[in-house]
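According to our numbering, the sequence shown is numbered sequentially starting from 147.
In what follows, a structure is listed as structure tokens, so that the remarks can point back to it.
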Amino acid sequence: MKIAVISDTHDNSSAVTWIIKYLNEHKITIALHAGDIINPGMVMRFHKHYTGHLHFIFGNNDGERAGLMARTTPLENVSCHGDTLRMELAGRMIFMNHFSDMSQNVAQSGVFDVCIGGHDHQYRVIEGPSLFINPGNTVTKDEWLMQDADKESSFVLLDLDTLETERIMVSD
């Protein structure tokens, strides 16, 4: 079973549209978003156009937390997990927190099969007691975050059977 691991979309509607189209075309039915989705409109875009289920957590830039919770509570294909997600998927225990340093620390414990983080917009996959994934970000070079001027937009596909990852470059 393959799932998508996404983080730090920061209101980039063109990237989110591209990702949703990709996930639908490749029949990826579960997406995990590690925070900084920013506003309820981005969540509604997933709800209306994504044929799978989006699980997301809050990031440090998700200021409209009450709005995000209120808009997602009644939705069947979107789940908000607060600050941290702990769940089992396809027999794998998954931990997700927006802050990569926290998720990397949890990964060292080996309690979870997969630990996911974001926040610093640095793509990396680290094998260890647990597999650590930071999918990078989808903030494009012309966005307001100057720290991302030299970064490429991406997310990760994770095969839960083999724990193999594939970085997908976002073309928005």
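We treat Cβ as the ideally placed atom computed from N, Cα and C, and that holds for glycine.
Being a predicted model, the structure only gives us computed values, none of them experimental.
Closest Cα partner of residue i within the set the options
i: Phe258; options: Phe278, Gln268, Ser246; result: Phe278
i: Ser249; options: Gly205, Val285, Thr311; result: Gly205
i: Cys261; options: Arg313, His172, Leu169, Leu304; result: Leu304
i: Ala253; options: His267, Asn280, Asn170; result: Asn280
i: Gly187; options: Asp266, Thr218, Thr311, Glu298; result: Thr218
i: Thr284; options: Asn207, Ser317, Glu312; result: Ser317
Own chain partners of residue i with C-beta closer than 8 Å, once the 5 adjacent residues on each side are dropped
i: Arg191; result: Ser159, Val162, Thr163, Ile166
Rounded C-alpha distance that separates residue i from residue j
i: Asp307; j: Ile149; result: 11 Å
i: Met315; j: Ser300; result: 4 Å
i: Glu222; j: Ser255; result: 33 Å
i: His193; j: Leu309; result: 27 Å
i: Met242; j: Val189; result: 18 Å
i: Ser276; j: Arg232; result: 14 Å
i: Ser246; j: Gly282; result: 11 Å
i: Asn251; j: Glu171; result: 35 Å
i: Val224; j: Ile203; result: 11 Å
i: Pro220; j: Cys226; result: 11 Å
i: Thr230; j: Asp266; result: 17 Å
i: Asn207; j: Glu234; result: 27 Å
8 Å contact criterion, which residue i and residue j should meet: CB distance rounded
i: Ile174; j: His199; result: With a Cβ gap of about 10 Å, Ile174 and His199 do not count as contacting.
i: His244; j: Gly228; result: So it is not a contact: roughly 11 Å between Cβ atoms.
i: His201; j: Leu178; result: 5 Å
Cβ neighbours of residue i in the same chain (closer than 6 Å, five flanking residues each side left out)
i: Thr311; result: Val271, Val302, Leu304
i: Met147; result: Ala236, Leu306
Residues of its chain near residue i, where Cβ-Cβ distance is below 7 Å and the 5 sequence neighbours each way are ignored
i: Leu169; result: Ala150, Ala177, Tyr196, Gly198
i: Arg313; result: Tyr269, Ser300, Val302
Below-9 Å beta-carbon distance, residue i vs any chain D residue
i: Leu169; result: Absent from the structure: chain D. Only one protein chain is present.
Quick check: the region 230-240 against the region 213-221, are at least 3 beta-carbon pairs closer than 8 Å? They do not touch, by the three-pair rule.
Kindly confirm or deny that the region 174-188 and the region 150-158 touch, where touching means at least three C-beta pairs closer than 8 Å. yes
Is it the case that the region 203-211 contacts the region 269-277, given that we only count it when at least three CB pairs across the two stretches are under 8 Å? no
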